[in-house]
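To start, the structure under review is shown below, and the notes come after it.
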Amino acid sequence: MKSKSSNTIKLLVFFTFILLTLTSEYSAAQVLDKIIVKVDNEIIMKSELEMNYLQVLANQENVNDATKLKCQVLETLIINKLLVAKAEIDSVTVEKAQVDEQLDRRMAYFISQIGSEEKLVAMYNKSIEDLKKELRAQVKEQLIIQKMQDNITKDLKVTPGEVKKFFNEIPKDSLPYFSTEAEVGQIVVIPKISKEKKNETKEQLERIKAKLQEGGDFCKMAEIFSEDPGSAKNCGELGFFKRGELVPEYEGAALKLKAGELSGIVESEYGFHLIQMIARRGNEFNSRHILIKPTSSSQDMNTSINFLDSLRTAILNDSISFEKAAKKFSEDKGTNSSGGLFIDQETGSTHIPMEKLDPVVFFLIDTMKAGTITQPIPFKMEDGTEAVKIVYYKSKTPPHQANLTDDYQKIQKATLAEKKNNAVNKWFDKNKGEVFIDIDEEFKDCELMITQ
29 MKSKSSNTIK
39 LLVFFTFILL
49 TLTSEYSAAQ
59 VLDKIIVKVD
69 NEIIMKSELE
79 MNYLQVLANQ
89 ENVNDATKLK
99 CQVLETLIIN
109 KLLVAKAEID
119 SVTVEKAQVD
129 EQLDRRMAYF
139 ISQIGSEEKL
149 VAMYNKSIED
159 LKKELRAQVK
169 EQLIIQKMQD
179 NITKDLKVTP
189 GEVKKFFNEI
199 PKDSLPYFST
209 EAEVGQIVVI
219 PKISKEKKNE
229 TKEQLERIKA
239 KLQEGGDFCK
249 MAEIFSEDPG
259 SAKNCGELGF
269 FKRGELVPEY
279 EGAALKLKAG
289 ELSGIVESEY
299 GFHLIQMIAR
309 RGNEFNSRHI
319 LIKPTSSSQD
329 MNTSINFLDS
339 LRTAILNDSI
349 SFEKAAKKFS
359 EDKGTNSSGG
369 LFIDQETGST
379 HIPMEKLDPV
389 VFFLIDTMKA
399 GTITQPIPFK
409 MEDGTEAVKI
419 VYYKSKTPPH
429 QANLTDDYQK
439 IQKATLAEKK
449 NNAVNKWFDK
459 NKGEVFIDID
469 EEFKDCELMI
479 TQ
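Dropping the structure here:
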């Protein structure tokens with residue numbers, strides 16, 4: 029368990045990070061800041077080092093040499109800046125859609141920590157869109173670094189022998205202690221929407237289109253009717269996208285429109301759209317839309333419930349394994365590839381600490397025995413889509429010290445992470461001569477790879 033001081037540091041890191049990234053005070057603070065490293069056109073500010081050092085410190089149980097740790101953090105930052113500089117040289121880029129997705133996730137995290145979107149906006153007197161603009165460059169850089177690292181390490185794998193060797197080299201008194209863990213999975217089925225329900229949705233959008241053609245306000249209509257939470261509050265506007273970045277059905281219809289023109293009713297995997305072209309800019313276009321998702325009828329829902337009930341019976345009778353059934357039938361993209369089992373994103377393991385489980389899942393399995401499967405449960409997915417699921421409580425592992433039998437997946441991921449880190453370090457050593465690197469005298473005593 030982390031110490032109280034460690035938790036305090038984490039809170040300090042979070043609020044310091046928000047202060048530095050979401051407020052104009054950062055520009056004023058830079059007067060007292062300074063550049064400590066130059067890597068071609070990329071720079072590292074002293075405040076950036078301090079911020080990253082605090083983040084690493086928050087995840088360390090014990091720090092024997094703070095100066096050495098800070099030097100290690102600086103070395104990582106230099107490697108990252110070289111990755112960005114080389115990405116520029118090699119024309120490695122990331123798509124706008126990727127940046128937008130990460131921005132949305134980052135902002136959702138900030139909002140969850142502060143309490144609400146309204147509190148975040150009030151705290152900094154800026155709209156969510158303005159706050160995203162301030163974060164965009166940082167998020168884009170992080171994605172480029174990840175893409176470069178993936179390019180360097182994409183072919184790396186580890187053998188069982190390497191995993192065992194890695195584990196055996198860990199001092200016995202340094203092996204981590206894991207709390208109670210559970211393996212939990214789900215099979216999700218989305219009810220097929222009847223033709224009648226689809227027609228009802230299209231007719232609703234046709235009525236909205238008629239009102240717009242009579243002079244209605246698209247912005248108000250989007251705010252009232254659109255079921256796209258990301259754009260409804262922004263008059264339905266999506267912003268500029270390149271060809272290939274939006275779903276084909278939407279893009280194909282939008283690109284046929286002139287500025288201000290309305291589309292027909294367009295169906296995509298997200299529902300039905302009414303689209304209006306705003307403007308084109310070279311290979312990019314900006315559009316807005318009203319999205320309405322048809323809902324399933326009680327008959328559609330019952331069909332899915334009956335299917336999952338039969339599938340559950342087949343699994344319990346050993347006619348098919350849960351994992352095979354999930355891969356074949358589950359419509360949850362986040363879990364079907366893993367045989368329906370939830371994955372701990374930090375460790376890559378299907379064994380998840382109880383405290384990290386989604387609260388809904390936690391309280392559900394709290395009343396179950398390991399090895400059992402629930403009856404079909406109707407629920408709403410994150411995007412509001414109505415669905416049905418069965419939940420499988422596969423196993424429960426009591427608190428224990430790390431071992432190869434119970435924790436192989438975690439140890440395998442740690443072994444691969446070390447191998448990837450070594451590969452990136454070798455890449456850095458090979459490519460550091462291709463760019464100009466200058467380090468402030470203040471850090472001359474750091475044993476950095478660049479000085480070796």
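All residue numbers in the sequence shown are consecutive under this note's numbering, ending with 480. No residue lacks a Cβ here, since even glycine has one placed at the ideal position from N, Cα and C.
Residues in the same chain with beta-carbon distance under 8 Å from residue i, minus the five sequence neighbours each way, listed in chain order, please.
i    : result
I303 : Y278, A281, A282, L285, L290, S291, V294, S315, R316 and H317
Y261 : Residue identity differs from the one stated: residue 261 is Lys in this sequence, not Tyr. Hits under 8 Å: E251.
N80  : V101, T104 and L105
N92  : none
Under 6 Å Cβ to Cβ from residue i, same chain only, skipping five residues before and after it: list those, please.
i    : result
E351 : G367
A430 : L203 and P204
K38  : Reliability of the predicted coordinates at K38 is poor, the pLDDT of 48 falling under 50, and no value is obtained from them.
G310 : none
K270 : N311 and E312
P404 : I333, L336, D337, V416 and I418
M145 : First, the amino acid is wrong: residue 145 is Glu here, not Met. I139.
V59  : Caution applies to V59, whose pLDDT of 46 falls short of 50 and renders its modelled position unreliable; the model cannot decide the point.
P406 : V416
F464 : D68
K74  : D61, K62 and I64
Which of the three DSSP states is assigned to residue i in this structure?
i    : result
P381 : strand
M409 : coil
I173 : helix
T363 : coil
F206 : strand
Y389 : Before going further, note that residue 389 is Val rather than Tyr in the sequence given. Note: V389 maps to helix in three-state DSSP.
G189 : helix
Q130 : helix
G299 : strand
A86  : helix
T400 : strand
T425 : strand
D256 : coil
D466 : strand
F195 : helix
L476 : coil
I221 : coil
E374 : coil
R309 : strand
E242 : coil
G280 : helix
R271 : coil
G213 : strand
K286 : coil
S144 : coil
Residue i and residue j: beta carbons closer than 9 Å?
i    : j    : result
I172 : L336 : no
T378 : L369 : yes
E123 : E297 : no
E116 : D178 : no
V452 : T121 : no
L240 : F300 : no
K424 : A210 : yes
K321 : T229 : yes
Q440 : G399 : no
C247 : G264 : yes
E432 : F253 : Reading off the sequence shown, one finds Leu at residue 432, where the question assumed Glu. No. Outside cutoff.
T323 : K220 : no
V84  : V127 : no
E103 : K447 : no
L319 : E414 : no
D468 : V112 : no
With 16 as the cutoff for other CB atoms within 10 Å, does residue i come out buried or exposed?
i    : result
G213 : buried
S55  : Residue placement at S55 is flagged as unreliable, the pLDDT there being 46, under the threshold of 50; a coordinate-derived value is accordingly withheld.
E76  : buried
I63  : exposed
I198 : exposed
A442 : buried
S358 : buried
V275 : exposed
A125 : exposed
D328 : buried
A94  : exposed
Got a sec: does the ligand MN put a non-hydrogen atom nearer than 8 Å to the Cβ of residue i?
i    : result
K384 : Questions concerning the ligand MN fall outside what the structure shown contains, since it holds no ligand whatsoever.
I'd like the list of long-range same chain contacts for residue i, defined as Cβ closer than 7 Å, with 5 residues on each side in sequence excluded.
i    : result
I348 : A342
A353 : I215, L339 and I343
My assumption, with CB atoms under 8 Å, is that residue i sits in contact with residue j. Please give the rounded CB distance.
i    : j    : result
I142 : M151 : 7 Å
L131 : L163 : 6 Å
S207 : E383 : 7 Å
F456 : I156 : Contact flag wrong, Cβ pair sits at about 37 Å.
L444 : L184 : 7 Å
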